[in-house]
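Worksheet: the structure to be examined is printed underneath.
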Amino acid sequence: MHEPLLKIEGLCAEAGGVEILRGLDLEVKAGEVHSIMGPNGSGKSTLAKVLAGREGYEVTSGSVLFKGQDLLELEPDERAREGVFLAFQYPVEIPGVSNMQFLKESINAVRTHRGQEPLDTVGFLGELREKLAVVGMNEQLLQRSVNEDFSGGEKKRYEIVQMSLLEPSLCVLDETDSGLDIDALRVVSEGINRMRSPERAMVLVTHYQRLLNYVQPDIVHVMVGGRIAQSGGKELALQLEERGYADFTGVADPAQQTNRQEASA
Amino acid sequence: MKGATETPEHTASTLVELVERGGAAIEGEAPSWLRDARAMAIERAAAIGLPAKTDEEWRYTDPKPLLEGQFSLPRPGAYEGDDPCEHMEIDATARIVFVDGRLAPEHCRLSGLPSGVEVSLVGTGEEADVEERLAPIVAQGIGGARDGLEALGAGLISGGVFVRVDAGVTLEKPIVVVFRAEDGSPVLSAPHVTLIVGEGARASVIEDHQGAAGATGLTLGRSEVRVAKGAHAEHAMLQRESPGRHHVSTLRLIQDAESHFHSDRVLLGGAVTRNNIHATLQGESCEAVFNGLYTPEERQHHDSHIRVEHLAPGCNSRQYYRGILADRSRAVFTGRIYVKDVAQQTDAIQSNSNLLLSRSAHAVAKPQLEIYADDVRCTHGATSGQLDADAEFYLRARGVPKRVARLLLLQAFAGENIDRIENEALRTTVHALADHRLGAALQRNA
Ligand SMILES: Nc1ncnc2c1ncn2[C@@H]1O[C@H](COP(=O)(O)OP(=O)(O)OP(=O)(O)O)[C@@H](O)[C@H]1O
Ligand SMILES: [Mg+2]
């Protein structure tokens with residue numbers, strides 16, 4: 051049996067004095083695509099941030115093993131160099147730092163860590179052009195500051211560009227599909243699908259079944275109140291789309307409730 | 040260089056003692072107009088008083104180390120040693136070098152000036168006939184000084200240059216003046232730079248104040264800039280003195296109608312630094328930009344004190360000052376915009392931002408608006424804070440090491456003002472100096 055790429059056990063975490071993750075378990079094997087769905091505020095982004103090492107999110111108990119090593123011991127940049135990638139729900143604008151500078155620092159930090167030669171400008175541009183083309187982004191963006199004045203959709207596509215440049219082994223995508231128009235969703239999905247490989251795992255946090263039509267998950271989890279409430283195959287996503295989270299939260303959407311009563315009657 | 044001679048003017052004294060002794064205290068070989076100017080400055084300082092910590096204008100900067108430190112005046116004669124200066128890779132019209140307040144003739148380049156451009160040396164005993172053009176400006180500076188320290192800076196004049204560009208003449212390349220403090224003994228130097236730009240003319244001067252690591256003493260500098268109608272003038276000052284030396288310098292600017300002025304002031308070195316700007320936009324439709332960066336560290340103190348007076352309608356002024364403070368340093372920014380009743384359609388912006396790298400660093404910002412006209416646009420903004428944690432995390436989440444991520448953010452912050460520096464060579468130099476300083480500051484302020 052293969053050791054899972056990511057193994058989370060009994061994870062509890064808090065931020066700002068609020069307990070958000072409350073005993074979360076999750077195992078992700080290389081090659082798998084998992085999807086995490088769940089109501090607003092259930093802790094999906096918190097899980098993503100804890101995995102990436104965001105300061106201010108404190109793990110109070112539980113463990114996270116990544117490739118068998120204690121992930122929580124590592125600094126955020128070490129985690130990234132080890133192969134953890136978080137596509138942000140809200141990518142950060144950084145005025146004054148050019149995309150060019152940023153991507154070059156980033157890719158060469160990761161390459162150096164892997165024992166690869168740093169890329170020179172020509173090599174770097176070559177790689178980058180290819181990745182930009184996949185998501186249909188314009189090279190002129192490179193002259194601008196990181197994410198500055200990018201449209202919502204451009205920010206999300208740019209996350210995929212970074213992901214494909216860095217070739218991480220664990221990709222956590224936090225609502226990368228939100229705010230995309232129909233064509234962009236297809237393009238981004240294609241970018242994600244190209245990254246699927248037997249060595250790589252993906253965790254897609256999403257609210258919509260639509261993304262999962264393009265990127266078919268192996269396992270779907272429902273997260274409620276800071277833990278995984280149920281896991282299943284891709285049909286679980288369809289079921290959620292239809293019935294909402296009422297089964298898990300106990301608070302029903304009245305419209306859905308009536309539908310269901312009618313259905314059972 | 041060490042072991043000062045025993046003539047009375049070279050024995051150390053404090054500025055307080057100098058002012059108490061009166062105008063006769065300074066003697067030496069200077070020409071008579073200069074001796075008169077020095078006496079006048081001392082008398083004026085005695086009359087209006089040296090600054091005290093109780094003065095509103097000195098509330099956040101204790102003038103005591105400036106006033107009560109023992110300083111000796113520059114030794115007479117020229118500097119004849121090797122060139123100790125750090126030089127920028129700069130294409131200059133002329134280069135003038137002073138070391139410890141003394142002209143270094145062998146290291147100056149003054150030949151081949153374009154016609155219509157005058158560059159005269161001041162206070163070296165060698166000047167020809169600059170007196171009649173300069174003396175009134177010096178007298179005006181002394182007369183208009185708002186405290187005794189400024190009066191001394193305006194009139195003591197240990198050396199400097201007088202630059203005049205005739206109407207319609209364009210000087211493509213800047214005139215660079217280097218003031219270097221080399222001596223370990225506490226020399227008081229009073230560098231004086233004048234830039235007179237005639238109607239429709241264009242010129243720029245760069246002052247580079249620098250010092251050997253162990254230099255002490257005090258720089259009491261003065262820059263007088265006059266921009267005639269429709270002229271363009273640039274003045275830059277790089278203050279990279281040694282951390283043991285104090286630095287007070289005042290830029291006095293008077294602009295006529297439709298003229299343009301750009302100031303860059305970069306404060307890196309010095310123990311106590313006071314950066315004064317007093318600008319008077321007296322003609323209609325002038326534009327003035329005051330761009331500044333300060334990066335105090337350890338126990339350095341950088342105080343910028345800016346007064347921009349709009350006396351005529353339709354002028355624009357911009358004050359952009361940014362600081363990065365490390366260790367236990369202090370920074371003060373006081374920016375006053377004064378708008379006279381007739382100065383309608385004034386458009387004045389002032390912005391000051393500080394980044395604090397350590398909990399022990401402190402920044403004070405004091406914007407002051409004094410507006411007597413009703414149809415004006417005056418805005419001011421001041422911010423003070425730490426590096427953006429979200430931005431730092433984003434960079435680190437892409438594998439960029441913490442120190443590099445923080446340096447990128449600091450460079451971005453400082454870069455906004457560094458990139459505004461007009462002269463390319465100076466810009467490059469400041470980028471390099473700032474990168475080096477900030478990199479080291481980050482290691483200490485992890
Ligand atoms: N730094 C913080 N300080 C205090 N509370 C926080 C902090 N971060 C998150 N929370 C709270 O924790 C809860 C979970 O937030 P989180 O962002 O993880 O939810 P989410 O599942 O990603 O929601 P959404 O679907 O809306 O993106 C929310 O109630 C949120 O307000
Ligand atoms: Mg979220």
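First to last, the sequence lines map onto chains A and B. Residue numbers are given in the numbering used here: position 97 of the first sequence equals residue 147, and the series is strictly consecutive. Residue numbers are given in the numbering used here: position 320 of the second sequence equals residue 359, and the series is strictly consecutive. Glycine residues also receive a C-beta, built at the ideal position from the N, C-alpha and C atoms.
Among the options, the one whose alpha carbon lies nearest that of residue i
i, options, result
"P352 (chain B)", "B:G362, B:A428, B:E326 and B:G374", "B:E326"
"R265 (chain B)", "B:E170, B:I235, B:N314 and B:L188", "B:I235"
"V169 (chain B)", "B:A184, B:R203, B:I181 and B:L152", "B:R203"
"T93 (chain B)", "B:I87, B:A86, B:P102 and B:S324", "B:P102"
"A480 (chain B)", "B:C124, B:H349, B:S324 and B:V443", "B:V443"
"A451 (chain B)", "A:Q151, A:H257 and A:T299", "A:Q151"
"G253 (chain B)", "B:R279, B:G438 and B:L396", "B:R279"
"V156 (chain B)", "B:Y411, B:Q179 and B:I214", "B:I214"
"V219 (chain B)", "B:E337, B:A270, B:C124 and B:S243", "The question names Val, but residue 219 (chain B) in the sequence shown is Arg. Nearest C-alpha to R219 (chain B): B:C124."
"I86 (chain A)", "A:D297, A:R293 and A:Q259", "A:Q259"
"Q249 (chain B)", "B:D380, B:A412, B:K268 and B:H126", "B:H126"
"A184 (chain B)", "B:S288, B:R172 and B:S228", "B:S288"
"V226 (chain B)", "B:H285, B:V469, B:D413 and B:V371", "B:H285"
"L195 (chain B)", "B:Y411, B:S228 and B:Q109", "B:S228"
Any non-hydrogen atom of ligand 2 closer than 7 Å to residue i Cβ
i, result
"E225 (chain A)", "yes"
"S95 (chain A)", "yes"
"Q139 (chain A)", "yes"
Reduced DSSP category for residue i - H, G, I as helix; E, B as strand; rest coil
i, result
"V439 (chain B)", "coil"
"A206 (chain B)", "coil"
"T308 (chain A)", "Since pLDDT at T308 (chain A) reaches only 44, below the 50 mark, its modelled position is unreliable, and the value read off the structure follows with that caveat. Looking at T308 (chain A) - three-state DSSP - the assignment turns out to be helix."
"P225 (chain B)", "coil"
"D474 (chain B)", "helix"
"N243 (chain A)", "helix"
"P115 (chain B)", "coil"
"S262 (chain B)", "strand"
"Y264 (chain A)", "helix"
"F200 (chain A)", "coil"
"H285 (chain B)", "strand"
"G491 (chain B)", "The requested residue 491 (chain B) does not occur in the structure, where chain B is confined to residues 40 to 485."
"Y208 (chain A)", "helix"
"L152 (chain B)", "coil"
Residue i - containing alpha helix (DSSP H), residue span
i, result
"N158 (chain A)", "N149 to H163"
"G239 (chain B)", "From DSSP, G239 (chain B) is part of no alpha helix (DSSP H); its letter is neither H nor E."
"F298 (chain A)", "A296 to T299"
"S423 (chain B)", "Per DSSP, S423 (chain B) belongs to no alpha helix (DSSP H); it is in the beta strand (DSSP E), V415 to G424."
"Q289 (chain A)", "E285 to R293"
Ligand 1 heavy atom lying under 7 Å from the CB of residue i
i, result
"Q259 (chain A)", "no"
"S92 (chain A)", "yes"
"G88 (chain A)", "yes"
"A65 (chain A)", "yes"
"Q280 (chain A)", "no"
"V68 (chain A)", "yes"
Cβ neighbours of residue i in the same chain (closer than 6 Å, five flanking residues each side left out)
i, result
"T319 (chain B)", "I293 and E348"
"Q289 (chain A)", "none"
"E409 (chain B)", "Y377"
"K181 (chain A)", "V211, S214 and L215"
"I506 (chain B)", "With chain B covering 40 to 485 only, the question about residue 506 (chain B) has no answer from this structure."
"F116 (chain A)", "L56"
"H301 (chain B)", "E273, V328 and E461"
"H419 (chain B)", "Q389 and P406"
"R277 (chain A)", "R72, G73 and L74"
"L261 (chain A)", "D227"
"R459 (chain B)", "N330"
Beta strand (DSSP E) segment containing residue i, residue limits
i, result
"E59 (chain A)", "L56 to A65"
"F44 (chain A)", "Any property of residue 44 (chain A) remains undetermined from this structure, which presents chain A solely from 51 to 315."
"G187 (chain B)", "Looking at the DSSP string, G187 (chain B) is not in any beta strand (DSSP E); the run it does join, the alpha helix (DSSP H), is G187 to G194."
"M87 (chain A)", "V83 to M87"
"P406 (chain B)", "H401 to I410"
Cβ neighbours of residue i in the same chain (closer than 7 Å, five flanking residues each side left out)
i, result
"V55 (chain B)", "L89, L106 and E107"
"P218 (chain A)", "G133, V134 and F135"
"E209 (chain A)", "A137, F138, P141 and T226"
Neighbourhood of residue i by C-beta, 8 Å cutoff - its chain only, sequence neighbours within 5 removed
i, result
"V147 (chain A)", "S195 and V196"
"R161 (chain A)", "E167, P168 and L169"
"P267 (chain A)", "V83, H84, S85, L254, K284 and A287"
"N243 (chain A)", "Y264 and V265"
Listed by chain order, chain C residues near residue i by CB distance under 8 Å
i, result
"G454 (chain B)", "The structure shown has no chain C; the protein chains it does contain are A and B."
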